[in-house]
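Undergrad: Input: one structure, supplied below.
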């Protein structure tokens, strides 16, 4: 600003000096005092003028429309200022091209010149559109300020109707001469282009025609480089028409306007960005005489009001199928709302129907939500008197369904003492409860020695007794949503096999095996102990040699179920018993035994042979007068020891712990 004052004062002093010289020649002494007084008043008025006008910077003036297709008189353009324009503001407009260095297209004839627009005593607020046609400036059809031609001989101002394009360069200072010192470049608008083959051009947003850098354009009344002090953020090149075919039919644009996208703007920065966006322009080629272009555009560009802003975001909602819910959001400075839904393919506007209501309010209501709405996303777009509109974050709707049985339990048939399971699955289930019907209705099961997993999807039954035969089982599945669901019932059948029948004491001959013992039943198995028979472990082969005065235990198996009870059969041979009693001079102890088996005998024991209950030899040992043997390495079970003495052989049964 200070430099501008100095430059204007220099010009003013030159003017005063010239004026003073002429006065002195014509009126030597008489008017000297009055002349100085008048010059002082002129200087004082000039200072006041300088203090009141708006000083602009690059990018403060933006062209919003132009029409260069008609005669010079009809050429016109409109612009907006990003600053309030104070009284006495002067802005210059020229169509003289800049060629580089300090070289400019000369003002000549009726084609190249400059005009000055002086606002006068009024103020124009930022964002107001002004149109200049010929030597008239108007706002909303009302004259504003004065327009004068400062260079060139065109009585109508600027001549924009060049077939191959032109430009409007905007500046302050220099008394309307763009090459003068003290000039501030404010803006520019360009609609020429320099071809470089098909569809390619030398002209750019950042340099315009780039003359002197290999451009196809020469210095002419249509061409221009971007003047110094300007850039692509303070000027606008509208581009050129590129047809799809033929490629030779490339044309420059001769009319155009900003389309108003986003207006009115709540910030001047947003206004500027929109106008400098080529996608927001309607551009018309030189041969198009039908497309409507408005100069001025008539658009409201700027409003000092505040655009809407989301102050409360919608929250996610989790409900059960068939229930109701709402999504709410609030926005400051909002005058309208529009809810949107994303069903999986992007957001679309919602209309009120049987499911949705309040689609254009701050609260969207959903009535009787179906499972099909699960996962849908909702958001709201709030609009106000000022752009831009604002969109909330999205919130997801989760619709949970009531549980449903997807796999029913199956009946189970097992043997008494066996284990089994009942399983079921249910969708949307969070808990299970198994129930049993023992004959008087279903009751809940608790975990115990028989039942486990009573509150899971699988109920386990361990060691089923005959008393469980015919029991029915089912499961109740519950979830986050009602109602709960109950599975079908499944029956447990526990097969019980009785012990075989037969004489409890049976005779045999020396050397006989278990196969000679007679019992009535199916699939008979023999065991050495009752415990083994009950647990069905350690069954004896039928080839096992019978030991006199020994009790064996028999079970039967029917339909795959072995009896848990056994028949005790004592094998006894009186003759063998008498014989053994004559030689039975050996005793063993302890019995059962863990480590060392001792022998007590009045006669010498030569050798012992240990065999399994089924007759297989385990080991033998010559005692040579010893009276003990180590059985530590034997596994637990029942064994026979054959004791060979001088008087004969005696067999005794012992149990290894």
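Residue numbers (the UniProt record's numbering): 1 to 657.
We treat Cβ as the ideally placed atom computed from N, Cα and C, and that holds for glycine.
Please return the same chain residues whose Cβ sits closer than 6 Å to the Cβ of residue 655, not counting the five positions on each side in sequence.
TA: 592 and 638, listed in sequence order.
Undergrad: At which residues does the alpha helix (DSSP H) containing residue 534 begin and terminate?
TA: Its alpha helix (DSSP H) spans residues 530–535.
Undergrad: Might you give, ordered along the chain, the residues of its own chain that have their beta carbon closer than 8 Å to the beta carbon of residue 579, omitting 5 neighbours on each side?
TA: In this predicted model, residue 579 has a pLDDT of only 45, less than 50, meaning its place in the structure is not dependable; the value taken from the coordinates is given anyway. Around residue 579: no qualifying Cβ.
Undergrad: Does the stretch 210–224 come into contact with the stretch 256–276, if we say contact requires no fewer than three beta-carbon pairs (one atom in each stretch) closer than 8 Å?
TA: Output reads no: the stretch 256–276 does not touch the stretch 210–224.
Undergrad: Since residue 544 contacts residue 615 with CB under 8 Å, what's their CB separation in whole angstroms?
TA: Indeed, because the Cβ distance is near 5 Å, the residues count as touching under 8 Å.
Undergrad: Take the Cβ of residue 243 as the centre, count every other Cβ of all protein chains shown within 10 Å, and call the residue buried at 16 or more, exposed below.
TA: The residue in question, residue 243, is exposed, as its Cβ has fewer than 16 Cβ neighbours within 10 Å.
Undergrad: So what's residue 549 in DSSP terms, helix, strand or just coil?
TA: Reduced to three states, the DSSP call for residue 549 is coil.
Undergrad: Using 8 Å as the threshold, is the stretch 288–300 in touch with the stretch 356–367, meaning 3 or more CB pairs across them?
TA: Too few Cβ pairs lie closer than 8 Å, so no.
Undergrad: Report the rounded CA-to-CA distance for residue 299 versus residue 307, giving the unit in angstroms.
TA: Going from the Cα of residue 299 to the Cα of residue 307 covers about 18 Å.
Undergrad: Is residue 368 buried or exposed, if buried means 16 or more other CB atoms sit within 10 Å of its CB?
TA: Residue 368 is exposed by the Cβ-count criterion.
Undergrad: Contact between the stretch 152–166 and the stretch 75–84 is defined here as three or more beta-carbon pairs at a separation below 8 Å; is this criterion met?
TA: These segments touch.
Undergrad: Could you please give me the residues that DSSP links to residue 191 through a beta bridge?
TA: None; residue 191 has no bridge partner.
Undergrad: What residue does the alpha helix (DSSP H) around residue 270 start on, and which one ends it?
TA: From DSSP, the alpha helix (DSSP H) with residue 270 extends over 268–275.
Undergrad: How about residue 523: is its Cβ closer than 7 Å to a heavy atom in the ligand ATP?
TA: This structure lacks the ligand ATP, and indeed carries no ligand of any kind.
Undergrad: Please confirm whether residue 114 and residue 152 have their CB atoms less than 8 Å apart.
TA: In contact: residue 114 and residue 152 (Cβ atoms closer than 8 Å).
Undergrad: Report buried or exposed for residue 21, applying the criterion of at least 16 other Cβ atoms within 10 angstroms of its Cβ.
TA: Its pLDDT being 35, under 50, residue 21 is placed unreliably by the model, and nothing is read from it.
Undergrad: With the cut-off set at 8 Å, would you say residue 471 and residue 505 are in Cβ contact?
TA: For residue 471 and residue 505, no; Cβs fall outside 8 Å.
Undergrad: Is there contact between the stretch 492–499 and the stretch 596–604, where contact requires at least three CB pairs shorter than 8 Å?
TA: With a cut-off of 8 Å, the stretch 596–604 and the stretch 492–499 do not count as touching, because too few Cβ pairs lie within range.
Undergrad: Taking 6 Å as the limit between beta carbons, can you name the residues of its chain near residue 496, skipping five residues before and five after?
TA: Contacts found: 416 and 466.
Undergrad: Which runs of the alpha helix (DSSP H) at least 4 residues long sit entirely within the stretch 255–335? Give them in chain order.
TA: You should have 268–275.
Undergrad: List in chain order: all unbroken alpha helix (DSSP H) runs of 4+ residues lying wholly within the stretch 106–171.
TA: Entirely contained in the stretch 106–171, not one alpha helix (DSSP H) run reaches 4 residues.
Undergrad: Hey, residue 189 and residue 275: beta-carbon distance below 8 Å or not?
TA: Not closer than 8 Å, so no.
Undergrad: Considering only the beta carbon of each residue, do residue 147 and residue 137 sit closer than 8 Å?
TA: Yes.
Undergrad: Measure the alpha-carbon distance for residue 484 versus residue 558 and round it to whole angstroms.
TA: Taking the straight line from one Cα to the other gives about 42 Å.
Undergrad: Just confirm the distance between the C-beta atoms of residue 676 and residue 192, as a whole number of angstroms; I'd bet it's less than 8 Å.
TA: Since the first and last residues shown for the chain are 1 and 657, residue 676 lies out of range.
Undergrad: Just curious, the beta strand (DSSP E) that residue 653 is in, first and last residue?
TA: 648–656 is the extent of the beta strand (DSSP E) around residue 653.
Undergrad: Would residue 178 be called buried (16 or more neighbouring beta carbons within 10 Å of its own) or exposed?
TA: The residue is buried, with at least 16 neighbouring Cβ atoms inside 10 Å.
Undergrad: Output yes or no for whether 8 Å exceeds the beta carbon distance between residue 426 and residue 405.
TA: Yes, these two residues count as a Cβ contact at 8 Å.
Undergrad: Are the C-beta atoms of residue 58 and some chain B residue less than 8 Å apart?
TA: Looking for chain B here will not work: only one protein chain is present.
Undergrad: Would you grab the beta carbon distance between residue 325 and residue 366 for me? Rounded to a whole angstrom, and I think it's under 8 Å.
TA: Right, their Cβ atoms sit about 5 Å apart.
Undergrad: Below 8 Å on the Cβ atoms is my contact criterion, and I expect residue 116 with residue 84 to pass it. Report the Cβ-Cβ distance as a whole number of Å.
TA: The Cβ separation is near 20 Å, so there is no contact.
Undergrad: Within its chain, find whatever has a CB closer than 8 Å to the CB of residue 503; leave out the 5 residues flanking it on each side and keep chain order.
TA: Here the set comprises 518 and 569.
Undergrad: Please say whether residue 87 and residue 129 have beta carbons closer to each other than 8 Å?
TA: Cβ atoms of residue 129 and residue 87: not closer than 8 Å.
Undergrad: For residue 378 and residue 195, I'd like the C-alpha separation in whole angstroms.
TA: Cα-Cα distance, rounded: 50 Å.
Undergrad: What are the start and end residues of the beta strand (DSSP E) that includes residue 620?
TA: Start and end: 617–622.
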